[in-house]
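All residue numbers for the sequence shown refer to our numbering, where the first residue is 39 and numbers rise by one. Idealized CB from N, CA, C, for every residue including glycine.
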Amino acid sequence: MSERNQNSNDTADREIVISRLINAPRELVWEAWTDPKHLEKWWGPTGFSTTTKEFDFRVGGVWFHTMHGPDGTDYPNEMYYEVIKPPERIEYAHGGGDDVGVNDAQFHATITFEEEDGKTRVTMKSVFQTAKQRNHVVEKYGAIEGGKQHLANLEEYVTAHKD
């Protein structure tokens, strides 16, 4: 087995991968993901809202935001952009945690935007430092279901704005 294959297999127990085919052109989906005037209108799982503190979309830039849960709980988030390849890929380091300041939601994310017959396949891959951290966010925050709702909200937003 090549070293590259070993490395990708080594992350299987530490990653979450969620993908959705969105019925909208890639440029529109990219814009909704990268423009702060759009982000706050769809970002997060169902029932959440988002407030941006700082947004600087460039390599080396940041997005500091708080996701507000339907129960009133605030979830601070920090994203540090590492790779931006319009309109194909975004990579960032994510920090965040619960409202008592425990930074328990750290991971590296790769978001890809692939064209498929006029539609866009968005894939979110999050790789955690350990399987324990990955399992913690799945159990505590409902990360898998939340990620699916997140992409459903994106699709709902862009399909309403594609004309």
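| Item | Value |
| --- | --- |
| For P209, is the classification buried or exposed, using 16 other Cβ atoms within 10 angstroms of its Cβ as the cut-off for buried? | In the structure as shown, the chain begins at 39 and stops at 201. Residue 209 is therefore absent and cannot be evaluated. |
| Mind the definition here: the region 179-197 touches the region 55-73 only if three or more C-beta pairs lie below 8 Å; say whether that holds. | yes |
| Are I149 and V160 close, meaning C-beta to C-beta below 8 Å? | yes |
| Considering only the beta carbon of each residue, do P83 and G156 sit closer than 8 Å? | no |
| Apart from the five residues just before and just after W101, which ones in its own chain have a Cβ nearer than 6 Å to its Cβ? | F93 and M117 |
| If you check the beta carbons only, do E129 and A143 fall under 8 Å apart? | no |
| When you compare only the Cα positions, how much space is there between A70 and V176? | 26 Å |
| What ranges does the beta strand (DSSP E) occupy inside the region 92-119, keeping only unbroken runs of at least 3 residues that lie completely in it? | 100-106 |
| Beta carbon of K34, beta carbon of L77: below 8 Å? | No answer is possible for residue 34: the residues shown for the chain start at 39 and end at 201. |
| To the nearest angstrom, how far is it from the Cα of K163 to the Cα of R96? | 20 Å |
| Please say whether A169 and D51 have beta carbons closer to each other than 8 Å? | yes |
| Let me know if R172 comes out buried or exposed under the rule of 16 or more other beta-carbons within 10 Å of its beta-carbon. | buried |
| Do you know offhand how far D73's Cα is from R127's? | 15 Å |
| With distances taken between CB atoms, is the gap from G99 to Y119 smaller than 8 Å? | yes |
| Do you know how far the Cα of I54 is from the Cα of M105? | 20 Å |
| For A181, which residues of its own chain have a beta-carbon under 7 Å away from its beta-carbon, when the five flanking residues on both sides are left out? | I54 and V175 |
| For the putative contact between W81 and P125, defined by C-beta atoms under 8 Å, what is the C-beta separation to the nearest angstrom? | Wrong, their Cβ atoms sit about 18 Å apart, outside the cutoff. |
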